[in-house]
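Read the structure below first, then the notes.
In our numbering, the protein residues as written are 155 to 545.
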């Protein structure tokens, strides 16, 4: 097709139709088999579009388009990115319901609150990351960057931290947060448009019905470029809150702490800056991490599970909340099972006959199982190491 279009362009128009060609990898079925009618494993893109939407399929193919690797297409991946589109739509609805309307002439660099400065910083960083990946034809990295920003940073953290402000009394902080939310949502639509043109164009139209009139369709809008929104101080503060809550949630999950149980958080030998941060964000940390209180101490209390967040030591006193000895026994038993699984997989992968005779997708499946087992082993080791400090 490339050669044909080149010859046709030169013959009829006397000019080169394009100078850059991107040749993507082969699209296989979910087991890595080449699609064919005889195998009966053909995936009809029209059926996927009818079931999950064109945007979900486009994003799936982009997210899986790693250079030098064939795409193993499965309906579950397409369904997952359909859910991502739903998440974006719900975020836009949340913004609309909370009065987040675009403000003419709004300048994100003029934001006063730390949270709003942080989301402006993260938006600019994501725009640079997506741009660099697209220019290098690393479409999977571009898709991963915008996905992570929308789902994790904007929806899971920014909107969650902004909720009390957006639902609170009127004031300058609320007005700024509403304007910043609307601005960030606009930037998201621009960054997502190459991957999900239909839902982003529709949201661009819907959000444009309130506030200043849109100058153009989304497809004709300039690509985001923000060189003046870096804010290391805001990133350090909100990043600390995000990392702390994430670490507490991980410990609770690893140690089987009952979801309804609230445990105290002890920040040990902390700097004055950390104490001030903890005081400013105490209510958020308590709500998001199921923490009953935040205390400060020079040493970690006995029976505590330790965690390090950006160089600062913190601890969760779990003595009496869970049976530490029983939890250690459970983890050691699970470690033995993982070690057994890894030994079995290593024996297979070390067998030359198996590697020669087994289908490629079976060998690849064993390698993936090995990676998953190694990841699980690392998590168990980390949990056991934390329990040592609680002994």
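Virtual Cβ for every residue (Gly too), placed ideally from N, Cα, C.
Residue from the options whose Cα sits closest to the Cα of residue i
i           : options            : result
residue 342 : 532, 377, 319      : 377
residue 175 : 289, 215, 244, 233 : 289
residue 428 : 412, 451, 416, 413 : 451
residue 484 : 302, 523, 410, 373 : 410
residue 221 : 252, 299, 178      : 178
residue 250 : 504, 293, 321      : 321
residue 487 : 440, 454, 535, 284 : 535
residue 379 : 468, 292, 284, 443 : 284
residue 259 : 211, 242, 370, 337 : 337
residue 291 : 157, 519, 348      : 348
Residues near residue i in its chain [Cβ-Cβ closer than 7 Å; skip 5 each side]
i           : result
residue 295 : 287
residue 207 : 236, 239
residue 315 : 269, 438
residue 195 : 183, 187, 189
residue 396 : 311
Residues of its chain near residue i, where Cβ-Cβ distance is below 8 Å and the 5 sequence neighbours each way are ignored
i           : result
residue 180 : 188, 224, 225
residue 383 : 262, 263, 274, 275, 277, 278
residue 418 : 445, 446, 447, 448, 449, 470, 471
Residues bridged to residue i (per DSSP)
i           : result
residue 422 : 451, 467
residue 510 : Residue 510 is not bridged to any residue.
residue 542 : Note: residue 542 sits in no beta bridge, so no partner.
residue 226 : 182
residue 417 : 445
Distance CB(residue i)-CB(residue j) smaller than 9 Å
i           : j           : result
residue 530 : residue 408 : no
residue 304 : residue 269 : no
residue 350 : residue 500 : no
residue 470 : residue 459 : yes
residue 197 : residue 164 : no
residue 448 : residue 421 : yes
residue 280 : residue 307 : yes
residue 538 : residue 489 : yes
residue 475 : residue 415 : yes
residue 232 : residue 200 : no
residue 352 : residue 297 : no
residue 325 : residue 255 : no
residue 441 : residue 394 : no
residue 503 : residue 521 : yes
residue 413 : residue 434 : no
residue 301 : residue 272 : no
residue 330 : residue 245 : no
residue 159 : residue 172 : yes
residue 424 : residue 466 : yes
residue 242 : residue 372 : no
residue 402 : residue 339 : no
residue 185 : residue 525 : no
residue 205 : residue 257 : no
6 Å Cβ shell around residue i - same chain, five flanking residues per side excluded
i           : result
residue 362 : 368
residue 359 : none
residue 523 : 499
residue 436 : 448
Any non-hydrogen atom of the ligand HEM within 8 Å of residue i CB
i           : result
residue 405 : This structure simply doesn't include the ligand HEM, nor any ligand for that matter.
Starting from the N-terminal side, write out each stretch of the beta strand (DSSP E) that is 3 residues or longer and does not extend beyond the stretch 439-502. Counting only unbroken stretches of 3 or more residues, the beta strand (DSSP E) elements lying wholly within the stretch 439-502 are 445-451, 458-463, 466-471, in sequence order.
Only counting runs of 4 or more residues, tell me where the alpha helix (DSSP H) segments fall wholly within the stretch 300-359, in order along the chain. 314-320, 326-346
Which runs of the alpha helix (DSSP H), 4 residues or longer, sit entirely within the stretch 165-221? Those alpha helix (DSSP H) runs which fall completely within the stretch 165-221 and span 4+ residues are 199-206, 208-217.
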